[in-house]
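Down below is the structure, laid out as structure tokens.
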Amino acid sequence: MKKHFLYSLCLAAIAVSTTASAADKLSALIIEGQNNHGVWPKTSLMMKSYLENSGLFTVDIVRTAPKGTDENFAPEFSKYNVLVSNYNGAAWPKKTQEAFVSYMKDGGGLVIVHAANNSFGNWPAYNEIIGLGGWGGRNEKSGPYVYFTDAGKLVRDTSKGGGGHHGPQHPFSIVVRDKEHPITKGMPREWLHVQDELYDLLRGPAVNMQVLATAYADKGKGGSGRHEPMIFTVSYGKGRIFHTPMGHGDYSQECVGFITTLQRGTEWAATGKVTVPIPKDFPTAEKTSQRKFGAK
Ligand code: ZN
């Protein structure tokens, strides 16, 4: 009898401690449902797993209707420390747009990955929030092109032209431009990203935006010939935004550089700080590093 009582007490203690640790974690919401990238259901699961594996996050996924404006899409943004967009599709209902903008102004966190920056070319607040975007009718009216010259000078180029382009996929080097920012601190100055689309010629308001790392879009590989923003942050009201144009394919997201940047950037967007370490298998300037998703 006594033994049974102790056993029950023990189980109760385990239950309490599990609840407490979940409550201590940051909450993230991945938004998906429409995307011209057919791999999106998998990439959402990959990002969920990467964030959970950091030990810092609980992660929910919310899915819109597969086509058109989903009038029922109204997640409770304010329940979450950070939103992660894997969405590239039709406009959200007006009320949801307003709730999203209020959430950001009030100090919400947002993560923009790859084609999420193709969304909502005609929604001014969204474009200010994400800093830069591509396609979706973007042109000189959307804001400048932003890039670094070979000499390391940041340029805001207001010349005419469409926003958003990439050449054929290939592995490319990420060059850290700000080694003191919490997201990039401790990364090698240069590291080799696995095969991905190198987005170039993005454009947008680019206000309150800080470029932390770039990639050279080699003309010989169909690129712009510019050093394009690959890791950057934006502040909007009290909100924090971490944005990476990387992450086209599931293989691209298996890059340890991508995984680490996602974990750190999401933590930073949620809290303004980073505790996720740079792992031992982080890529170097010469060597990519990939973790096969689902492999033990
Ligand atoms: Zn893509």
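Be aware that the sequence shown starts at 74, since it is given in my numbering, and climbs by one per residue.
Positions of the beta carbon are idealized from the N, C-alpha and C atoms, including for glycine.
| Query | Result |
| --- | --- |
| DSSP beta-bridge partners of I247 | W264, A288 |
| Closer than 7 Å: H110 CB and nearest the ligand FAD heavy atom | Among the ligands modelled here, namely the ligand ZN, the ligand FAD does not occur. |
| Whole-angstrom C-beta distance between V186 and V157, which should lie under 8 Å | 7 Å |
| 7 Å Cβ shell around Y153 - same chain, five flanking residues per side excluded | S100, A101, L102 |
| Beta-carbon separation (whole angstroms), Y160 vs A189, contact threshold 8 Å | 6 Å |
| Beta strand (DSSP E) segment containing A101, residue limits | 99-105 |
| Residue range of the alpha helix (DSSP H) that includes D179 | Unbroken run through D179: none, as it is neither H nor E. |
| Close beta carbons around V248, own chain, < 8 Å, minus the five adjacent residues each side | R262, E263, A286, T287, A288, Y289, H300 |
| Closer than 7 Å: H187 CB and nearest the ligand ZN heavy atom | yes |
| E301 beta carbon near the ligand ZN (any heavy atom closer than 7 Å) | no |
| Proximity of G237 and Y272 at Cβ, strictly below 8 Å | yes |
| beta-carbon E105 near the ligand ZN non-hydrogen atom, thresh 7 Å | no |
| Selected residue, minimal CA-CA separation from I332, among A343, M119, G295 | M119 |
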